[in-house]
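Enquirer: Take this structure first; my questions come after.
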Amino acid sequence: QQQFYEDTMKKMVTDVLKGENRLLYTYGVTNSGKTYTIQGSGRETGLLPRALVSLFRKLQGRLYGALDLKPVMCQDVRRLSSSEIKTEEIRRDSLLKEDGNLSSRRAGTSTVWDSGIGGLSTTSFTTQPEDANTVCLEPDSLSLSGGVDLEEGVQFSIWVSFYEIYNEFLYDLLEASPSQQPRKRATLRLSDDKQGNPYVKDLTWIQVRSAEEAWRILKAGRRSQSIASTHLNLNSSRR
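Numbered by the numbering used here, the letters in the sequence shown go through residues 106 to 344 in order.
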């Protein structure tokens, strides 16, 4: 997976650091390796966690820690009030707690951070046998080389969102009630901003401060994904 990342994804991360928009997606039949490619499995970390680690390593010392600026629509940003900042903190902490509770239950009495998929971790710790595949991810060449010259004095704020297209409807996977079934959840709609750029209206965005935190938020969202049964794979997820 490391070589595949270097040949396909590394340049996309570089472009994002330069202010460009990039899209990565996989397409194929059931059991063709889409989830393995993007997320990974065990010691074979996928493209997404590798990109997250590379991004945050490159931005060390350049992250904007405050929660008062939030992305809106496609390319805009707005300043949040003190009450809105508190709401954002509660939403983020709730999603992180949800993932932490799940990881703790899997680990019995031990408290560990378990990526669950892809072995994303930048710290070492003792794990239970079922967590043995959680490993430290080696730095990629972008992180090691300097790679991108970032504009002096500029800080970066990283926000993540997670939604699915299921039966031609859009669903927010980071909404407040992830346990609801797709038919009961509010559907989102695709809109355009004033410049004609498309975006998902009312989509939840969460500010993250590390690659681990980003992956934990996305893990919490995965629990909300719709699961469809097929004659090929009873647990084939539709994204």
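Built from N, CA and C at the ideal position, the CB exists for glycine as well.
Taking all protein chains shown into account, decide if F267 is buried (16 or more other Cβ within 10 angstroms of its Cβ) or exposed.
Expert: Buried, since its Cβ has 16 or more Cβ neighbours within 10 Å.
Enquirer: Would you mind sorting E280 into buried or exposed? The rule is 16 or more other CB atoms within 10 Å of its CB.
Expert: Buried.
Enquirer: Under the criterion of a Cβ to heavy atom distance below 6 Å, does Q330 qualify as lining the ligand GTP?
Expert: Of ligands this structure carries none, so the ligand GTP is not represented either.
Enquirer: Ignore the nearest five residues each way along the sequence and tell me which others in D277's own chain have a CB closer than 7 Å to its CB.
Expert: Excluding positions up to five away in sequence, the list reads Y268, L293, L308 and T309.
Enquirer: Quick check on the DSSP output: the alpha helix (DSSP H) that includes V259 runs from which residue to which?
Expert: Where V259 is concerned, there is no enclosing alpha helix (DSSP H), given that its DSSP letter is neither H nor E.
Enquirer: Using CA coordinates, which residue listed in E257, T119 and R196 is at the minimum distance from V313?
Expert: Out of E257, T119 and R196, R196 has the C-alpha closest to the C-alpha of V313.
Enquirer: What's the gap between the Cα of A319 and the Cα of K191?
Expert: Cα to Cα, A319 sits roughly 19 Å from K191.
Enquirer: Could you tell me if V182 is buried or exposed, where buried requires 16 or more neighbouring beta carbons within 10 angstroms of its beta carbon?
Expert: Exposed, because fewer than 16 other Cβ atoms sit within 10 Å of the Cβ of V182.
Enquirer: Count Cβ pairs between the region 254-263 and the region 152-169 that sit closer than 8 Å; are there 3 or more?
Expert: The region 254-263 vs the region 152-169: in contact.
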